[in-house]
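Residue numbers for the sequence shown follow our numbering, beginning at 24 and rising by one. Virtual Cβ for every residue (Gly too), placed ideally from N, Cα, C.
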Amino acid sequence: MSSTLSKMIVKISSGNSKRTVDEQVNVGYQFILFVLFICFGASLYLIANAATLIILFRLVVPALICGYIAKCIIDVLRGGKAAKLEASKELAAMRTGENS
């Protein structure tokens, strides 16, 4: 997941060249975590909402979504440091390529 995460960080942060490379990478990484946590909270809300209705199907689907998002969050947190370093190197290479 690290290479996918670093590619996603590069794609998100490559449009903003006003900051340093490390700041760009950090903003992209924080944005990814923000989106994942928002999705996680939304799926937890769906679980809580479905629990009052006692309908199994309405409870299982959000639980599966919530579990998958939790797995993604854990993978992003585990591979974040390596992905940020890889993305920093790639963005720095892109910047030097633009300058030459």
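> Nearest-angstrom Cα distance between A86 and I96?
Replying inline: 15 Å
>> What does the alpha-carbon distance come out to for the pair T43 and F60?
In response: Going from the Cα of T43 to the Cα of F60 covers about 26 Å.
> When the Cα atoms are used, what is the spatial distance from E20 to N72?
Replying inline: Since the first residue shown for the chain is 24 and the last is 123, residue 20 is missing from the structure and cannot be characterised.
> Between F63 and the rest of its own chain, which residues show a CB-CB distance below 6 Å, the 5 nearest in sequence each way excluded?
Replying inline: I92
>> Rounding to the nearest angstrom, what Cα-Cα distance links V50 and I70 in this structure?
In response: 30 Å
>> If distances are taken between C-alpha atoms only, which option among V84, V33, F57 comes closest to E46?
In response: Checked all of V84, V33, F57; the closest Cα to E46 is V33.
> Closest to V58 by CA distance: which of G38, G120, A106, M31 is it?
Replying inline: M31
>> Between which residues of its own chain and I55 is the CB-CB distance below 8 Å, once the five residues before and five after are set aside?
In response: L28, M31, I32, I35, V99
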